[in-house]
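*Asks:*
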Ligand code: IDP
């Protein structure tokens, strides 16, 4: 199986409730290694560009406001099939539809404040990692 890297964000609802450790434990127990991590407060410009693909969606403005409402933890997770594995651990976007035992089922507050972001493809993972991290900040 391929060793991959994926990009992850612990969103403002997670940092506000002090869930950084609890969520990181889920990643590590599933065999994903946190090879880069930093706590930042995104600017509107940063969040707006990150979610640019959703620009035409009705929730875009609220999403940018939410993502800049408090600190986030940006991360690089590494492991076998990391992109898909992380999506499985996270669960569905809407916590109401998320499987039991997933991060979003257990921690998310709403479809918007759903605790975590995870890249949806290997290609996007590379783009998102490069958006937040310099190569020398990632230590495998
Ligand atoms: P994903 O995070 O599961 O990949 P996306 O559809 O890419 O889901 O949406 C990005 C983020 O936008 C979601 O994680 C969530 O925070 C927010 N979002 C998605 N759909 C809605 C919605 O219908 N209302 C409000 N926020 C939404």
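Residue numbers (UniProt numbering): 1 to 140.
A virtual CB, placed ideally from N, CA and C, is assigned to each residue, including glycine.
Can you tell me which of the three DSSP states residue 54 falls into?
*Replies:* Working through the chain shown from its first residue, we reach residue 54 at position 54. Helix.
*Asks:* Only counting the same chain, and skipping five residues up and downstream in sequence, which positions put a Cβ closer than 6 Å to that of residue 132?
*Replies:* Here residue 132 refers to the residue found at position 132 when the chain shown is read from its first residue. Excluding sequence neighbours, residue 132 sits near 74.
*Asks:* Give a single yes or no on whether residue 128 has its beta carbon closer than 7 Å to a heavy atom of the ligand IDP.
*Replies:* Taking the first residue of the chain shown as position 1, residue 128 is located at position 128. For residue 128, the distance from the CB to the nearest heavy atom of the ligand IDP is not below 7 Å.
*Asks:* The beta strand (DSSP E) spanning residue 7 covers which residue range?
*Replies:* Position 7 of the chain shown, counting from 1, holds the residue named residue 7. First-last of the beta strand (DSSP E) with residue 7: 3-10.
*Asks:* Is any non-hydrogen atom of the ligand IDP found closer than 7 Å to the C-beta of residue 114, if you look at the structure I gave you?
*Replies:* Position 114 of the chain shown, counted from the start, is the residue given in the question as residue 114. Result yes, Cβ under 7 Å from the ligand IDP.
*Asks:* Specify the secondary structure class of residue 17 as computed by DSSP and reduced to three states.
*Replies:* Within the chain shown, residue 17 is the residue found at index 17, counting from 1. Residue 17: coil per DSSP, three-state reduction.
*Asks:* From this set, 1, 8, 41, which residue's C-alpha is nearest residue 114's C-alpha?
*Replies:* Along the chain shown, one-based indexing puts residue 114 at 114. Of the candidates 1, 8, 41, the one whose C-alpha sits nearest the C-alpha of residue 114 is 8.
*Asks:* Quick one: grab the DSSP three-state call for residue 139.
*Replies:* Residue numbering aside, residue 139 sits at position 139 when the chain shown is read from its first letter. Coil at residue 139, not helix or strand.
*Asks:* Let me check one thing: in DSSP terms, what residues is residue 75 bridge-paired to?
*Replies:* In the chain shown, counting from the first residue as 1, residue 75 sits at position 75. Paired residues: 8, 37.
*Asks:* Starting from residue 118, follow the beta strand (DSSP E) in both directions and report where the run begins and ends.
*Replies:* Reading the chain shown from its first residue, position 118 is the one you call residue 118. Its beta strand (DSSP E) spans residues 116-118.
*Asks:* Check whether the Cβ atoms of residue 76 and residue 36 lie closer than 8 Å to each other.
*Replies:* Here residue 76 corresponds to residue number 76 of the chain shown, with the count starting at 1. Here residue 36 corresponds to residue number 36 of the chain shown, with the count starting at 1. Contact flag set, yes.
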